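Chemist:
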Amino acid sequence: MSWGTELWDQFDNLEKHTQWGIDVLEKYIKFVKERTEIELSYAKQLRNLSKKYQPKKNSKEEEEYRYTSTRAFLATLNEMNDYAGQHEVISENMTSLITGELSRYVQELKQERKSHFHDGRKAQQHIETCWKQLEASKRRFERDCKEADRAQQYFEKMDADINVTKADVEKARQQAQLRHQMAEDSKAEYSSTLQKFNSEQHDHYYTHIPNIFQKIQEMEERRIVRIGESMKTFAEVDRQVIPIIGKCLDEITKAAELVDHKNDSQLVIEAFKSGFEPPGDIDFEDFTQPMKRTISDSSLSNSRGDGKSEPKFGSKSKGKLWPFIKKNKLMSLLTSPHQPPPPPPASASPSAVPNGPQSPKQQKEPLSHRFNEFMTSKPKIHCFRSLKRGLSLKLGAGPEDFSNLPPEQRRKKLQQKVDELNRDIQKEMDQRDALTKMKDVYIKNPQMGDAASVDHRLAELGQNIEKLRIEVQKFEGWLAEVEGRLPARTDHARRQSGLYEAQNTSAVNSCAQDRESSPDGSYTEEQSQETEMKVPATDFDDEFDDEEPLPTIGTCKALYTFEGQNEGTISVAEGEMLYVIEEDKGDGWTRIRRNEDEEGYVPTSYVEVYLDKNAKGAMTYI
2 MSWGTELWDQ
12 FDNLEKHTQW
22 GIDVLEKYIK
32 FVKERTEIEL
42 SYAKQLRNLS
52 KKYQPKKNSK
62 EEEEYRYTST
72 RAFLATLNEM
82 NDYAGQHEVI
92 SENMTSLITG
102 ELSRYVQELK
112 QERKSHFHDG
122 RKAQQHIETC
132 WKQLEASKRR
142 FERDCKEADR
152 AQQYFEKMDA
162 DINVTKADVE
172 KARQQAQLRH
182 QMAEDSKAEY
192 SSTLQKFNSE
202 QHDHYYTHIP
212 NIFQKIQEME
222 ERRIVRIGES
232 MKTFAEVDRQ
242 VIPIIGKCLD
252 EITKAAELVD
262 HKNDSQLVIE
272 AFKSGFEPPG
282 DIDFEDFTQP
292 MKRTISDSSL
302 SNSRGDGKSE
312 PKFGSKSKGK
322 LWPFIKKNKL
332 MSLLTSPHQP
342 PPPPPASASP
352 SAVPNGPQSP
362 KQQKEPLSHR
372 FNEFMTSKPK
382 IHCFRSLKRG
392 LSLKLGAGPE
402 DFSNLPPEQR
412 RKKLQQKVDE
422 LNRDIQKEMD
432 QRDALTKMKD
442 VYIKNPQMGD
452 AASVDHRLAE
462 LGQNIEKLRI
472 EVQKFEGWLA
482 EVEGRLPART
492 DHARRQSGLY
502 EAQNTSAVNS
512 CAQDRESSPD
522 GSYTEEQSQE
532 TEMKVPATDF
542 DDEFDDEEPL
552 PTIGTCKALY
562 TFEGQNEGTI
572 SVAEGEMLYV
582 IEEDKGDGWT
592 RIRRNEDEEG
602 YVPTSYVEVY
612 LDKNAKGAMT
622 YI
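Numbering (this note's numbering), first residue to last: 2 to 623.
Here it is as structure tokens:
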């Protein structure tokens, strides 16, 4: 099957068809080019979308990405950024492998087509010229034959006429012979031209045109093959990025599978836990009794094991103070001493600790009076809050110590600040080590540099490290303070009533006066002992007398001597080894046991704890 033999007379149609083929190729190039533009635009929009929802640096949004769901969303944004990159790869590969190559091929194809059809037109012009020569020779031969015939007829006519002279007859005869000779010459020329034309025509239709059309056919077939290969490349470019796109989607799926609702719920607790205790039960107020009530034997407040009552000021919330504490013997936070533990001793005795538990002797007023005063009197709230904050608020530490936050949140912020300062110290120390090595190199090889040139920088780094260490010590002090002030209750208080009486209006006012008169803005242990409230014991504590002793979960070593003068605490000597029966619950107290009859709480910072591996792993509190 060849165009040269089958389409020998379709030169014009072949010319139109090949031009249409080039137009199709150019149309396909335009299509691919627009596809690459779409891919680029899509990739750009995906990147902008991913960037739009990325968390801003040093903003609140960064804190939100600690949850597993938001981390999965962040992973999705990152993977969408990579996903957009693959669409850019598609655009680049299509541009280089298809549009660029086909554009160059189209130019070559146009030149080749032009050359082939130029040869075809040249061959057609040649055969047309030969045809014209044949026609001219034929007309000349025909004309000469007619003139020879007329000359012969005229000669015969002159020869038959008796009136014509011999000279005229001879002249007519010679003219007839001349015309016959001219006709014979034209015949010979026509015959030669005809043979030549037939030869040329045979070569034209069986050699030249088939060759030219065959080249045109091959050119067109190459175009068809090339556009088919380009379409395969078009699909292959997409197929090459499918594994990477699939990997991006797999990473999104993997991140989604890591979403843990339980973990996020725990993070919410860590983020917003204030460290305060919930409000306790409210006493039943019997209005049938006189307004100035006495303590009833049936009251829950009579269930003090030793006849003492300790009002607790450690439990507070932001903008609200709960004067009544709920009793729950199963909550460990309600079993430790309800006061902040003392900090580790420096120069003063560890027993001389401010902010001891207070039990001012005040007669109880009706609950409605106390509750109204509690809800409406802001000076009272400030008074109670000062008992918790102590010296730091009196000295006006300001927001640097995060004193405006609840205890648990303040502890987290202080811990973050300590970690940040430690990282800064490590960076400064790394720079100092590098400069020290550089100085050693300069000392060994003076030609490399002056060793004295780095002394100034080393001195600056030393000063910076010292400043940072001072800052760390300051924040660690605040951290120890806030860890020691998280509320808890003693074991003895756990067996007593969970309903504690708050001070009345006069007691609150005297609280403010006493706090202002105290140099550290807090009550002393002597004040607590002077204001203890005597409450007769009842049979209410008998239900806790037969409790099973808590199991031992580890051992501890006393780092300092602690004189446990407060209720629920135990005295320890420096270096003494004891058993741990309850670890620190975040309130700064650890419950220990010396023997079967002696157990109590000591400040966590006063002991070094070694938990059993079968409990919660080895952990050390220093």
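Idealized CB from N, CA, C, for every residue including glycine.
Bear in mind that the values here come from a model prediction, so they are computed numbers and not experimental data.
For the alpha helix (DSSP H) containing Leu436, name the first residue and the last one.
Modeler: Within the sequence shown, the letter at position 435 stands for residue 436. DSSP places Leu436 in the uninterrupted alpha helix (DSSP H) bounded by Pro408 to Lys445.
Chemist: What do you reckon, are the CB atoms on Ala85 and Leu110 nearer than 8 angstroms?
Modeler: By one-based count along the sequence shown, residue 85 stands at place 84. By one-based count along the sequence shown, residue 110 stands at place 109. Cβ atoms of Ala85 and Leu110: not closer than 8 angstroms.
Chemist: Do the segment 34-51 and the segment 140-153 meet, that is, are 3 or more Cβ pairs less than 8 angstroms apart?
Modeler: no
Chemist: If you reduce the DSSP assignment to three classes, tell me which class Leu551 lands in.
Modeler: Along the sequence shown, read from residue 1 onward, the residue named residue 551 stands at position 550. Note: Leu551 maps to coil in three-state DSSP.
Chemist: Taking the alpha carbon of Gln125 as the point to measure from, which residue in Pro279, His209 and Asp451 has its own alpha carbon closest?
Modeler: Translated into positions along the sequence shown, residue 125 becomes position 124. Out of Pro279, His209 and Asp451, His209 has the C-alpha closest to the C-alpha of Gln125.
Chemist: Between which two residues does the beta strand (DSSP E) harbouring Leu612 extend?
Modeler: Taking the first residue of the sequence shown as position 1, residue 612 is located at position 611. Here the beta strand (DSSP E) through Leu612 covers Val608 to Leu612.
Chemist: Expressed to the nearest angstrom, what Euclidean distance is found between the alpha-carbon atoms of Ala73 and Leu250?
Modeler: Here residue 73 refers to the residue found at position 72 when the sequence shown is read from its first residue. Here residue 250 refers to the residue found at position 249 when the sequence shown is read from its first residue. Each residue's CA atom was taken as its position, placing Ala73 and Leu250 some 12 angstroms apart.
Chemist: Checking the sheet assignment: what are the DSSP bridge partners for Tyr580?
Modeler: Residue mapping note: residue 580 aligns to position 579 of the sequence shown, counting from 1. Answer is Thr556 and Arg594, bridged to Tyr580.
Chemist: What are the boundary residues of the beta strand (DSSP E) that Tyr602 is part of?
Modeler: By 1-based counting over the sequence shown, the position of residue 602 is 601. Taken as a continuous stretch (DSSP letters only), the beta strand (DSSP E) holding Tyr602 covers Glu600 to Pro604.
Chemist: Tell me the rounded alpha-carbon separation between Leu406 and Glu271.
Modeler: Here residue 406 is taken as the residue at index 405 of the sequence shown, counted from 1. Here residue 271 is taken as the residue at index 270 of the sequence shown, counted from 1. Their Cα atoms are separated by approximately 14 angstroms.
Chemist: Could you give the distance in angstroms between the alpha-carbon of Arg433 and the alpha-carbon of Arg595?
Modeler: Mapped onto the sequence shown, residue 433 falls at position 432. Mapped onto the sequence shown, residue 595 falls at position 594. Computed Cα separation, rounded: 48 angstroms.
Chemist: Determine which residues share a DSSP beta bridge with Phe563 and list them.
Modeler: Residue 563 sits at position 562 when you count from the first residue of the sequence shown. Under DSSP, Phe563 shares a beta bridge with Val573.
Chemist: Taking the alpha carbon of Ile1 as the reference point, which residue from Val170, Pro56, Arg114 and Gln202 has its own alpha carbon closest?
Modeler: Look at the range of the chain in this structure, 2 to 623, and you will see that residue 1 is not part of it.
Chemist: Would Glu136 be called buried (16 or more neighbouring beta carbons within 10 Å of its own) or exposed?
Modeler: Numbered from 1 along the sequence shown, position 135 holds the residue referred to as residue 136. Its Cβ having fewer than 16 others within 10 Å, Glu136 is exposed.
Chemist: Since Lys159 is in the alpha helix (DSSP H), which residue starts that stretch and which ends it?
Modeler: The count along the sequence shown starts at 1 and reaches residue 159 at position 158. Note that residue 159 is Met in the sequence shown here, rather than Lys. Met159 -> alpha helix (DSSP H) spans Gly101 to Ala161.
Chemist: Do you know offhand how far Phe235's Cα is from Ser104's?
Modeler: Residue 235 sits at position 234 when you count from the first residue of the sequence shown. Residue 104 sits at position 103 when you count from the first residue of the sequence shown. Phe235 and Ser104: Cα-Cα distance of roughly 15 angstroms.
Chemist: Mark Trp21 as exposed unless 16 or more other C-beta atoms lie within 10 angstroms of its C-beta, in which case mark it buried.
Modeler: If you number the sequence shown from 1, residue 21 lands on position 20. When all chains shown are included, Trp21 counts as exposed.
Chemist: Is it buried or exposed for Trp590, if we count other Cβ within 10 angstroms and need 16 for buried?
Modeler: Mapped onto the sequence shown, residue 590 falls at position 589. So Trp590 ends up on the buried side.
Chemist: Give the DSSP-derived three-state secondary structure of Pro400 in the structure shown.
Modeler: Taking the first residue of the sequence shown as 1, we reach residue 400 at position 399. Helix, per DSSP.
Chemist: Quick one: is Lys418 buried, meaning 16 or more other Cβ sit within 10 Å of its Cβ, or exposed?
Modeler: Within the sequence shown, numbered from 1, the residue matching residue 418 stands at position 417. Lys418 is buried by the Cβ-count criterion.
Chemist: In terms of residues, what are the limits of the alpha helix (DSSP H) holding Gly247?
Modeler: Here residue 247 refers to the residue found at position 246 when the sequence shown is read from its first residue. It spans Ile210 to Glu258 - the alpha helix (DSSP H) in which Gly247 sits, taken as one unbroken run.
Chemist: Check whether the segment 82-99 touches the segment 266-283, counting contact only when three or more Cβ pairs, one atom from each stretch, lie closer than 8 angstroms.
Modeler: no
Chemist: Which same chain residues end up closer than 7 angstroms to Tyr68 when comparing Cβ atoms and leaving out the 5 residues on each side of it in sequence?
Modeler: Within the sequence shown, the letter at position 67 stands for residue 68. Hits under 7 angstroms: Asp265 and Leu268.
Chemist: Pull up the distance between the alpha-carbon of Asp160 and that of Asn199, whole angstroms please.
Modeler: Indexing the sequence shown from 1 puts residue 160 at position 159. Indexing the sequence shown from 1 puts residue 199 at position 198. Looking at the two C-alpha atoms, the distance is approximately 43 angstroms.
Chemist: Closer than 7 angstroms by C-beta to Lys440: which residues in its own chain qualify, once you throw out the five before and the five after it? Chain order, please.
Modeler: Your numbering for residue 440 matches position 439 in the sequence shown. Cβ neighbours of Lys440 beyond the five flanking positions: Ala452 and Val455.
Chemist: Return the CA-CA distance between Lys558 and Asn446, expressed in angstroms with no decimal places.
Modeler: Along the sequence shown, one-based indexing puts residue 558 at 557. Along the sequence shown, one-based indexing puts residue 446 at 445. Each residue's alpha carbon lies about 52 angstroms from the other.
Chemist: Taking its Cβ as the centre, do 16 or more other Cβ atoms sit within 10 Å of Thr437, making it buried, or is it exposed?
Modeler: Indexing the sequence shown from 1 puts residue 437 at position 436. By the 10 Å Cβ count, Thr437 comes out exposed.
Chemist: Is the beta carbon of Pro552 within less than 7 angstroms of some heavy atom of the ligand HEM?
Modeler: Ligands are entirely absent from the displayed structure, and the ligand HEM is therefore not among its contents.
Chemist: Measure the C-alpha to C-alpha separation of Glu258 and Thr71 and round it to an integer number of angstroms.
Modeler: Position 257 of the sequence shown holds residue 258. Position 70 of the sequence shown holds residue 71. If you take the alpha carbons of Glu258 and Thr71, they lie about 13 angstroms apart.
Chemist: Going by C-alpha distance, which of His205, Val608 and Lys17 is nearest Asp120?
Modeler: Taking the first residue of the sequence shown as 1, we reach residue 120 at position 119. The option with the nearest alpha carbon to Asp120 is His205.
Chemist: Let me confirm a value: Gln218 is counted as buried when at least 16 other C-beta atoms fall within 10 Å, else exposed. Which label applies?
Modeler: Position 217 of the sequence shown, counted from the start, is the residue given in the question as residue 218. So Gln218 counts as buried.
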